[in-house]
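Last residue of the sequence shown: number 958 in the UniProt record's numbering, and the count goes up by one each step with no gaps. Let me begin by presenting the structure, written as structure tokens, before commenting on it.
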Amino acid sequence: MFVCFEISLFFFAFNIYNSAHGQDSSCCHHAVDLSTCREACDQLSTIKSESRLKHLLQRLPSYCPESMNELWTCINSTLPGASRKSEGWVGLGCCELAISAECRRDCKQASSKNDITKVCKKDSEKPLYSCITKNEMGSVCCSYAGRHTTCREYCQAIFRTDSSPTVSQINAVKDYCQSVDPQLIACVGNYTKSYPIKSPIDSLHCCDRAEDTHCQTACRRILRTMTTEHEIIDGLIKECDRMPLPQDPLWQCFLGSAQSPPKSDPDTPPTAKMDCAKLHCCAKANTSLCREMCQESSTNWGAQTWQEFDQLCEYNPVEADLVTCLADVREPCQLGCKDLNYCTNFNNRPTELFRSCNTQSDQGAMNDIKLWQKGCIKMPFMNIPVLDITKCRPDMWKAVACALQIKPCYSKSRGSIICKSDCVDILTQCGDHTRFHEGQTPESICDMLSPTDDPERCIPLQRYLTPSSVGDAIEEVIHPCNPNPCPSNQLCEVNRKGCHPSQDCLPYFCVPGCKLGEASEFLVTVDSLIQVPLRSGQPGCYEVCVCGQSGRLESCTEMPCVDTTKTCVVGGQGKSHGTTFKVDCHPCSCFAGEVICSSRQCLSALSSEEDRRRFTGLPCGCPDQFVPVCAHNGRTYPSACVARCVGLQDNQFEFGTCRNSDPCYPNPCPRSQRCLPNRKVCLSNVSDYPCRQYECVGKSFSCDKTQLDPVCDTANVEHPNLCLLYQRGKTLSYMGHCQDACRKSKPVCGHNGETYNTVCEAYSDRVAIDYPGHCHAVGLVSEYNTESGCDSIRCPPLSTEGCQPVTPPGACCPLCAGMLQILWNKEQMNVFAELNQKQPVTVHDILRILRLHVSVPQCDIFGYLSIDSEIVVLIVPVDQQPTPLQIEACNKEAEKIDSLINYGSPTLVSRVPLSAFTMSEVRTSALSSVGRPSLATPALVLVACLTLMLLAVAQGDA
């Protein structure tokens, strides 16, 4: 069946290819009346990757509606089943809920529910069947929407969530579908009435109140597997062998939480009724009133709405940081915008950031225009009378409404306000001045609404008065997690591992997560460490919690409070906690009275000729000789001088590179255990938290043979996972599928100064390549150019023409990428190590978490600890021939993360250890032109080492 599908896929792509080249065997000519459909159909001929081709085919219905009968008849006859596979079997999205691997496999291969009943038993696979039933109901109910796209999307949102549908969701269906079909309203109403008031997992904490462990375990299982309140109560009575008496702690908690939660319950976990993500933002308030209102709304769920806060704080210019932080929590900035029916000028923008590019906001902009046509724009604190906007600058008003709803956030402030000049211009021409209040002018109104014209802090409307210039480059940069395809209690992650041959290869994974409090919609991944403010709201006081398997934050431990009132004195001036500044060329920040700076060498314009002659560009003016030493933190430094400059004592490093030393010789492990190299670079204090470069494992252990996370050993033999490789007594070469091109050793030098046997090894270690051959030179960490040991290095050509590259600090060769240089607090890293069972924080820990913020599969993340003690992060295009658009996307990913760091956004700094970041500097590879890229751009040469490296990265995950 799979082979037949692949063959059909080939012939379908071949037919499309013929169409694009003027031959007559085609389906796409049926789409001539709809440009977006024709563009998507024609794009199929340009895609070489089978997985990307299948992905576009699955998404084709969103470009080409079902009403295009001739097109779909042609496609279905050319490629039977492929185009409608995702719709025909409504249970496909539920398969991951199957408990047994056999059931999960059969579910993914099934074409109907009947195909899985032999293997998937209803009594043992309740979550699966519950999900299928819900999807079936949704398929039936939403089919009444017919061609009404907006109604159908609101309807599908009801059935897409794992928790109880909200009142706003139900009302939205009534508002947008009432006139479409009364049967749809009745069908959805029957479903929502039968659905439990709350999600059962919201009561998991009640299980801890059971008297015996059997009841506790049974309670957790019941709440995770049963859906209706009746089933849950019957299950608890049977397993716990007791009736629901009011005085029983278990029943008291469970029955109480099924209703509206009590306002004060000392036994309820402290995060249960909080929105910890929003609470992070409250410290950013500049007025005590907004700070207190923010804390009250974040800690007492349901006690008050945010309406009063919106009226008093949302448009207060001094609260821009607070408002932006809250916007990050509610609607994080995401790359890409498309599929809008009203705000069409916002479509086809894959490298721009938006907070709310979705059908609801698109409809909201249209509704705003309808309201404004009545002659008044109603704001929370004032009304603005306007003329007939259907005749006065209608395109401009449409751009205003769409910008305020779709919310572009490419500016550094990430705010969603239009620029003052646009505001004054449109109100001068179209404001009804005869109805303005006394003293009200376009300038005074815009001073309050849009106080700036700084292009880095406002939205210039000119950008959205015309369609995007990208045009038909639909699949060149994709956004698998935007819109979010996962259930409400799961996070979407980009699939960078590839797939098992027997599985459908989706470009994303849905992984379990935890809400940051019952009132929060912000999720973090299971097992992650999270820093949240204390309930008291005292500035600088936090606790670190674990996202548990229960879907809640647990095992919370208080951190030492940080005195945010202390200031730093720099050049005779006081700097408050959290501010960033420069001292000479050093980026610095103030943290609780301590000045934290990089150790890069500076050279000012006033430096003497002698100073310039002696300048080396390395920390402490060290010579540019490459005589490497391996420090106890696992980092190779180019010389003992540089190691001493970053604060290491002579007894904390040894001559030679770290990768050349064998951490398992002599064997440090007990006789009953095996020593395995596990190299890392640690950021915590090595004297307090040893940075061991090995791990000891038992000589006999069991492995999960079904786990697919391929690894390659030193004999170029592939194993399903790392555990099986070790069990078979082999030595790891690199993560990912074995690459023929990496069979032979071809040494390359990484940005971290380490020599790797192959590019596959380097990328498995999350390190990008500087130049081919063994490491023998060190580059500058200064902005001032001077002669260095790199002059003898022959750098490979750049991957893309017209790219103005970046050169990572300490490296010799430039590359096309987005680059971050991050300053961090070592004391905080030590605190996190202490709280995490004395496990040191590593560079890999940082990169693993930051990788989750890179939403475009065409970009990947690499990094290292620089010799000037900054964390350097590179976001690099991974395609073998990256287009200008893909490089632009990687630049935007870097700018997005840089902004989150510098503004202390909870979406990033709530994750430990990223909360130790104090500031970031970003540099991007500017392009001479970024237009209609792919097909019009000539294929450009990529160096052999980069090609091999990308192959390893595309199929593996370090």
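Glycine included, each C-beta is placed from N, C-alpha and C at the ideal position.
- Judged by DSSP secondary structure, Val511 falls within the beta strand (DSSP E) whose first and last residues are Tyr508 to Lys515.
- Under the DSSP assignment, Ser203 falls outside any alpha helix (DSSP H); it carries neither an H nor an E label.
- Boundaries around Lys134 are those of the alpha helix (DSSP H), Lys126 to Ser143, since no beta strand (DSSP E) includes it.
- Counting only runs of 3 or more residues that sit fully inside the region 692-762, the beta strand (DSSP E) segments are 694-698, 711-713, 732-735 and 748-750, in chain order.
- Fewer than three beta-carbon pairs drawn from the region 431-443 and the region 396-404 are found closer than 8 Å, and the two stretches are therefore not classed as touching.
- For Ile596, the enclosing beta strand (DSSP E) starts and ends at Glu594 to Cys597.
- Only buried fits Asp860, as 16 or more other CB atoms lie within 10 angstroms of its CB.
- It is roughly 18 Å from the alpha-carbon of Ile389 to the alpha-carbon of Cys446.
- Cys813 has its alpha-carbon roughly 6 Å from the corresponding atom of Cys795.
- Sequence-distant Cβ neighbours of Phe832 in its own chain, meaning closer than 6 Å and more than five residues away, are Val841, Val912 and Pro913.
- Fully enclosed beta strand (DSSP E) runs of no fewer than 3 residues occupy 859-865, 871-877 and 917-923 of the region 856-924, in order along the chain.
- Rounded to the nearest angstrom, the Cβ distance from Val526 to Gly513 is 6 Å, consistent with a contact under 8 Å.
- Judged by DSSP in its simplified three-state form, Glu654 adopts strand.
- Excluding the 5 residues flanking it on each side, Arg743 has same chain C-beta neighbours closer than 8 Å at Asn716, in chain order.
- When DSSP reads this structure, Cys419 sits in no beta bridge, so it has no partner.
- A distance of 9 Å or more separates the beta carbons of Val806 and Cys790.
- Beta-carbon to beta-carbon, Phe862 and Leu874 are separated by about 5 Å, close enough to satisfy the 8 Å threshold.
- Annotation: Cys510 to Asn114 spans about 25 Å, alpha carbon to alpha carbon.
- Where Glu783 is concerned, there is no enclosing beta strand (DSSP E), because DSSP gives it neither an H nor an E.
- Distance from the CA atom of Cys177 to the CA atom of Val470, rounded to whole angstroms, is 34 Å.
- Counting along the chain, no beta strand (DSSP E) covers Gly364; the unbroken alpha helix (DSSP H) around it starts and ends at Thr359 to Trp372.
- Spanning the alpha carbons of Cys481 and Ala31 requires a straight line of approximately 27 Å.
- Excluding sequence positions up to five before and after Thr731, its CB lies within less than 7 Å of the CB of Asp713 and Thr714, all in the same chain and listed in chain order.
- Secondary structure of Met274 (DSSP, three-state): coil.
- Gln673 and Glu476 have their C-alpha atoms some 49 Å from each other.
- Under DSSP, Tyr771 shares a beta bridge with Cys749.
- Taking the C-beta atoms as reference points, Ala210 is found no nearer than 9 Å to Thr706.
- For Asp868, the closest of Ser298, Lys134 and Cys585 by C-alpha to C-alpha distance is Cys585.
- Between the region 758-774 and the region 723-738, the count of Cβ pairs shorter than 8 Å is three or higher; the stretches touch.
- Less than 9 Å separates the beta-carbon of Val778 from that of Leu618.
- Proximity to Val329 across Ala916, Ser905, Asn830 and Val922 peaks at Ser905, based on C-alpha coordinates.
- Only residues of its own chain outside the window of five on either side were considered, and among them Ser925, Ala926, Leu927 and Ser928 have a CB closer than 8 Å to the CB of Gln804, listed in chain order.
- The DSSP-derived three-state label of Arg600 is coil.
- Assigned with DSSP and collapsed to three states, Arg330 falls in helix.
- Judged by DSSP secondary structure, Phe832 falls within the alpha helix (DSSP H) whose first and last residues are Lys826 to Leu835.
- The DSSP-derived three-state label of Glu543 is strand.
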